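Following: one structure in structure tokens, then a few remarks.
2 protein chains.
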Amino acid sequence: MNLETLFQKVKKQPTETVAVAHAVDPSVFLTAERAIEEDIASFIFTGPREEMEKAAKKAGFSFRHDPRVQWINTPDENSSANKAIELIKEHHASVLMKGMLPTAVLLKAVLKKEGGLRTGNILSHVAGFSLPHRNKLLFITDSAMNISPDLTDKTAIVQNAVTAVKRMGVSKPKVAILAAVETVNTNMPATLDAASLVQMSKRGQINDCVIDGPLGFDSAVSTEAAEQKNIQSSVAGQADILLVPSIEAGNILYKSLTYFAGATVGGLLVGARAAVVVSSRSDSVDSKLFSLAMAISTKISKKSITQGE
Amino acid sequence: MNLETLFQKVKKQPTETVAVAHAVDPSVFLTAERAIEEDIASFIFTGPREEMEKAAKKAGFSFRHDPRVQWINTPDENSSANKAIELIKEHHASVLMKGMLPTAVLLKAVLKKEGGLRTGNILSHVAGFSLPHRNKLLFITDSAMNISPDLTDKTAIVQNAVTAVKRMGVSKPKVAILAAVETVNTNMPATLDAASLVQMSKRGQINDCVIDGPLGFDSAVSTEAAEQKNIQSSVAGQADILLVPSIEAGNILYKSLTYFAGATVGGLLVGARAAVVVSSRSDSVDSKLFSLAMAISTKISKKSITQGE
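Here the protein sequences come in this chain order: A and B. Quick note, the first sequence lines up with residues 1 to 309 if you use this note's numbering. Quick note, the second sequence lines up with residues 1001 to 1309 if you use this note's numbering.
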């Protein structure tokens, strides 16, 4: 699956509605403009009405009076976040998108016990990369949310990513557990976790995927590198999902691909009742659109559910 | 400093001699051919004479009888490694290069207490990257040698890299201590180490460099990213050296730059009595030549010493 097939899939789905929390930044409306033009989403914007109007105008947002757009007047960041979450819970929207408010404020609302979007599952981040030298998307987890995941967390993080990527359209994702080496090394905890995750997947403790590791980044993405190292693996060279050993490794990888490899990147938080898009203001519109497409594609629409998905 | 200025510097230096341990692989001679052609090094090859001859012939090595080339017949890997190290200790050569033997065998010989090349200092790896979208070299340490360095190790690793990069020609290297965030976070040990390293450098415990951190990879290499985040720093956006928080983070970064960012990469081990080039057989000749240039440039020649370097 590449960026184009992801968008094609999303366009074929019934249109989903995105609830935007505190939509007072023009970049939100630049993204919404493209998403509506490309017919992948409707929007409900929450925030102080006048500020939203101003931001929309500044962005030249042409769908202000379109039936695919609704506005809900909320006085401040917290009420915008809570309202957007309520819209999800009441099935008026199926994707949550951060507008212009601190991620921490939105996450606090998502994670609160009463009225939040918790499912009992860990919340984790999945980043998607479209790379000039690769013919399919590469997903990386978790480079942004969980600081120092232990093996239990990693199990949940992998399952979260697998579920999301499967819904995006990869039927049995190949998961590489990244480390600095390909051998299990008692001095390198990432390699021990890798061995456990492989066995857990064989025992049905993690489902719908093929897992292998420890694998170096090179063996995970390059068939030649894997062959040179004589690694027999159905994941090596063809990984869809990379589990990074730490938030540092993930964050550095994320940014190196963005800054030096010409990647287009999307990302979302999974594990809550709805996918949450937490792009930064500085992300490009293309990147935000990619994130939206990822989020929308992970939504199982009512239609597909009744069709027995 | 970019790749070209590095090579220019090396060409201006008096020619150094490289001792190659167990030179029984054609790729060694492909590299030596280029290095001699470009007038950056002389070579002493150790290894079983016939196997070396065969490999040299296979590579079309045209300097077999040149005065810049010497051959020393040794029966096996261990004796080749020991002989090459002896050549360094007796000042017949100033750079050690791995031929075709396991890195562990060479390192064991380097690190042995009697007759090795120890200086009392930690041995660490410095990788150099020439990137299409960057006008100066980027150095990363330590992505290959030290598995889980504590703060004491990191101090030595930074100092090793600074000393090497300074000798390569960067007068006061800017060092970014990488983490996933730019704030000091009690839950993220990499950020605490960063804060300590910054203060250590201010107190003169690490010398000849400017250190800042914690910095994300983006803030370290992109002035725009640093500005967007309002980071006031004389390192941000212009880092020469990146200290990675773990071998995993470093290894993944190294490989992402190699596989997706079109980087030309060199690398060497520093902290021993001579720089050690430990390229893999699969590295390109360009990469090996880069490693050699890095290693040779870190050598303070007798001439420069008498000139007061």
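Ideal placement from N, C-alpha and C gives every residue a C-beta, glycine not left out. Quantities reported herein were computed from a predicted structural model and do not represent experimental measurements.
Whole-angstrom distance between residue j and residue i, CA atom to CA atom
i: residue 1293 of chain B; j: residue 1122 of chain B; result: 22 angstroms
i: residue 1033 of chain B; j: residue 267 of chain A; result: 48 angstroms
i: residue 1186 of chain B; j: residue 168 of chain A; result: 36 angstroms
i: residue 1023 of chain B; j: residue 1015 of chain B; result: 20 angstroms
i: residue 42 of chain A; j: residue 28 of chain A; result: 13 angstroms
i: residue 62 of chain A; j: residue 291 of chain A; result: 22 angstroms
i: residue 10 of chain A; j: residue 38 of chain A; result: 10 angstroms
i: residue 277 of chain A; j: residue 285 of chain A; result: 13 angstroms
i: residue 1084 of chain B; j: residue 1044 of chain B; result: 8 angstroms
i: residue 1143 of chain B; j: residue 148 of chain A; result: 20 angstroms
i: residue 1183 of chain B; j: residue 1214 of chain B; result: 6 angstroms
i: residue 1 of chain A; j: residue 255 of chain A; result: 22 angstroms
i: residue 1075 of chain B; j: residue 1048 of chain B; result: 5 angstroms
i: residue 1250 of chain B; j: residue 1141 of chain B; result: 7 angstroms
i: residue 1222 of chain B; j: residue 1054 of chain B; result: 48 angstroms
i: residue 1218 of chain B; j: residue 1079 of chain B; result: 46 angstroms
i: residue 1093 of chain B; j: residue 1067 of chain B; result: 14 angstroms
i: residue 119 of chain A; j: residue 160 of chain A; result: 12 angstroms
i: residue 197 of chain A; j: residue 244 of chain A; result: 13 angstroms
i: residue 8 of chain A; j: residue 65 of chain A; result: 27 angstroms
i: residue 1145 of chain B; j: residue 1124 of chain B; result: 6 angstroms
i: residue 1307 of chain B; j: residue 1136 of chain B; result: Summary for residue 1307 of chain B: the model assigns pLDDT 38, below 50, so the residue's position carries little reliability, and this model does not support an answer.
i: residue 1298 of chain B; j: residue 58 of chain A; result: 55 angstroms
i: residue 111 of chain A; j: residue 272 of chain A; result: 8 angstroms
i: residue 1304 of chain B; j: residue 1166 of chain B; result: For residue 1304 of chain B, the pLDDT reaches just 41, beneath the cut-off of 50, and the residue's location in the model is therefore unreliable, although a value from the coordinates is still provided. Cα-Cα distance, rounded: 14 angstroms.
i: residue 1177 of chain B; j: residue 115 of chain A; result: 40 angstroms
i: residue 1012 of chain B; j: residue 1035 of chain B; result: 14 angstroms
Cut-off 7 angstroms between Cβ atoms - residues of its own chain near residue i, not counting five sequence neighbours on either side
i: residue 1288 of chain B; result: 1031, 1279
i: residue 1264 of chain B; result: 1003, 1130, 1286, 1287, 1290
i: residue 1200 of chain B; result: 1155, 1206
i: residue 274 of chain A; result: 88, 94, 95, 96, 117
i: residue 262 of chain A; result: 132
i: residue 1151 of chain B; result: 1193, 1196
i: residue 295 of chain A; result: 95, 268, 275, 277
DSSP beta-bridge partners of residue i
i: residue 1070 of chain B; result: B/1044
i: residue 1275 of chain B; result: B/1095
i: residue 1263 of chain B; result: Beta-bridge pairing links residue 1263 of chain B to no other residue.
i: residue 270 of chain A; result: A/124
i: residue 1257 of chain B; result: In DSSP, residue 1257 of chain B forms no bridge with anything.
i: residue 1175 of chain B; result: B/1211, B/1241
Cβ-based neighbour list, residue i, same chain, cut-off 8 angstroms, excluding 5 preceding and 5 following
i: residue 90 of chain A; result: none
i: residue 1102 of chain B; result: 1077
i: residue 281 of chain A; result: 25, 27, 100
i: residue 162 of chain A; result: 173, 175, 206, 207, 208, 209, 241
i: residue 181 of chain A; result: 188, 191, 214, 216
i: residue 1005 of chain B; result: 1169
i: residue 1134 of chain B; result: 1221
Residue i CB to nearest heavy atom of the ligand MG below 6 angstroms
i: residue 1144 of chain B; result: Here there are no bound small molecules, and the ligand MG is not part of this structure.
6 angstroms Cβ shell around residue i - same chain, five flanking residues per side excluded
i: residue 97 of chain A; result: 18, 20, 277
i: residue 1113 of chain B; result: none
i: residue 1238 of chain B; result: 1174
i: residue 1311 of chain B; result: What is shown of chain B runs 1001 to 1309, which leaves residue 1311 of chain B out entirely.
i: residue 233 of chain A; result: 212
i: residue 1051 of chain B; result: 1024
Item to complete: Name, going along the chain, the residues of the stretch 1238-1250 of chain B whose beta-carbon falls closer than 8 angstroms to a beta-carbon of chain A.
Response: 1244, 1245, 1246, 1247, 1248, 1249, 1250
Worksheet entry | Those runs of the beta strand (DSSP E) which lie wholly inside the stretch 1185-1250 of chain B and span at least 3 residues | 1210-1215, 1241-1243
Next item on the list: May I ask you to list, following chain order, the residues of the stretch 174-206 of chain A that have a beta carbon less than 7 angstroms from some beta carbon of chain B?
Entry: 178, 179, 180, 187, 188, 190
Check distances from the C-beta atoms of the stretch 284-298 of chain A to those of chain B and list, in chain order, the residues that come in under 7 angstroms. none
Problem set entry | 4 or more residues per run - each alpha helix (DSSP H) lying fully within the stretch 1065-1150 of chain B | 1077-1089, 1103-1111
Q. When you check each C-beta in the stretch 204-231 of chain A against every C-beta of chain B, which residues fall closer than 7 angstroms?
A. 216, 217, 218, 221, 222, 228
Could you please tell me which residues of the stretch 1247-1276 of chain B, in chain order, have their CB closer than 9 angstroms to any CB of chain A?
-> 1247, 1248, 1249, 1250, 1251, 1252, 1253, 1254, 1255, 1256, 1257, 1258, 1259, 1260, 1261, 1262, 1263
- Query: Quick one, which residues of the stretch 1119-1141 of chain B are near chain A if we go by CB-CB under 7 angstroms, in chain order?
  - Reply: 1131, 1133
Any C-beta of chain E within less than 7 angstroms: which residues of the stretch 20-46 of chain A qualify? This model lacks chain E altogether, as its protein chains are A and B.
Complete beta strand (DSSP E) runs within the stretch 9-34 of chain A (minimum length 3 residues, chain order)
16-21
Open item on the list: Using a Cβ-Cβ cutoff of 9 angstroms, what residues of the stretch 145-177 of chain A are near chain B? List them in chain order.
Closed with: 147, 148
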